[in-house]
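Start counting the sequence shown at 14; every next residue gets the next number (the numbering used here).
Structure first, commentary second.
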Amino acid sequence: MPCNIVVGGFFGDEGKGKIIAYIVKKDNINLAARGGVGPNAGHTFNLNGQTFKVRMLPSAAFNVKTTLAIGAGVLVNPKILLNEISSFNAQDRTFVDRNCGIIKEEHVMQDSTEGFLKDKIGTTGTGTGPANSDRALRKLSLAKDCLEIKDYLGEVSSMIHSNLDKKNSVLLEGTQGTYLSLYHGGYPFVTSKDVTASSVCADVGIGPKSINEVLVVFKSYITRVGGGPLENELERVESQKRGWLEYGSVTGRERRSSPFNIELAKRSIRLNGATSFALTKLDVLYPECAGVKDYSKLTPSAKKFVEEIEAELGLKAELIGTGADVDSVIDQRS
Ligand code: IMP
Ligand code: MG
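What follows is the structure, given as structure tokens:
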């Protein structure tokens, strides 16, 4: 059974939550582990007419058969985590690595009031940057010393390896997007750590040789929230006209938008060592494709859009999103 990674290919908000939820539902994944930064990310998915959002748990939270894990590299906000555990009734299947860093009120305060972070970078204000800074200074408290979450402590790296030994399926979930990487994005308008597939491995404690597939998620257009350049950025009215005006799921801030950028996509494929990609929200560009689940039923112009990207990237669009619902997917995986 495979150990696969899903990461974002642009600036976050590519629709990772929906793609992951689809995979988890379809493949009944045994163990889902979250890597990435922390509660600055909100992964959203719609299932059976209901909208779910997770900021700490993996997007597999809805599936009662999936064990949920949070890797050592992820920052935990105990209050947000406990709320999610109770809303998904996941008390018996949630494990937080003992070495996860803990976000405190002081980190949130600093992130949401300090001029540089709040105004220049436009952070999410969730305390992740200041907490990662304290971690680098070796003064951040860790999960193993946090009484509030003591019932959920685990050794996530060992859990992943023992699941793989038993031939169970493991799905690793990245957060944010490649161009928000502290190393590979447009510094300083980035998040507080690397967020490419390699870092997701490090976050959960697994080496690159154990990974089978790296799926990079792209949206059919690009959005970006917070500061920093966005090539070919549309005027707000144009963005609205095209139906591309979105709002951040954590902060509610308006997202800026631009058309799909093939050069960014190509570089993202390399940075992540992608083996395939997913393309979401094709129905926003081609409304006739809403809810389509069979590739042959796409319109010629929608097919042309997908096939040009596939040819440029030299990879297949294994999953194509055609609507908000988790099941609105064209699945071309072999
Ligand atoms: P931070 O991660 O809160 O420090 O914010 C740094 C930059 O990354 C800001 O531009 C944020 O808007 C952006 N960012 C952080 N997390 C996400 C996310 O999950 N989706 C989209 N943008 C994000
Ligand atoms: Mg998001």
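Here a beta-carbon is modelled for each residue, glycine too, at the ideal position from N, C-alpha and C.
Remember, predicted model here, so these are calculated numbers, not experimental data.
Proximity of the region 130 to 138 to the region 236 to 250 meets the contact definition, three or more beta-carbon pairs being nearer than 8 Å. Uninterrupted alpha helix (DSSP H) stretches at least 4 residues long and entirely within the region 132 to 201 occur at 141 to 149 and 169 to 178, given in chain order. With respect to the 9 Å criterion, L70 and E97 are classified as neighbours on the basis of their beta carbons.
Judged by DSSP secondary structure, N59 falls within the beta strand (DSSP E) whose first and last residues are H56 to L60.
Taking a contact to require three or more Cβ pairs closer than 8 Å, the region 256 to 265 and the region 213 to 231 do not qualify as touching. With respect to V229, S281 sits close: the two C-beta atoms are nearer than 9 Å. Put simply, the region 71 to 81 touches the region 43 to 53. At least three CB pairs are less than 8 Å apart. By the 16-neighbour rule on beta-carbons within 10 angstroms, M122 is exposed.
C-alpha of A73 to C-alpha of V169: approximately 16 Å in a straight line. Per the DSSP secondary-structure output, R283 pairs with nothing in a beta bridge. Distance from the CA atom of F129 to the CA atom of S341, rounded to whole angstroms, is 41 Å. Distance between A278 and L160, taken at the CA atoms: about 43 Å. When the Cα atoms are used, G336 and N41 turn out to be separated by approximately 21 Å. By the neighbour-count criterion, in which 16 or more other beta carbons inside 10 Å mark a residue as buried, S223 falls on the exposed side. Under the criterion of beta carbons closer than 8 Å, L295 and S233 qualify as touching, at roughly 5 Å. Secondary structure note for Y234: its beta strand (DSSP E) is the uninterrupted segment Y234 to R237. Taking C-beta atoms as the reference points, N225 and P15 count as a pair closer than 9 Å.
Contact between the region 53 to 63 and the region 306 to 318 is absent, with fewer than three C-beta pairs closer than 8 Å.
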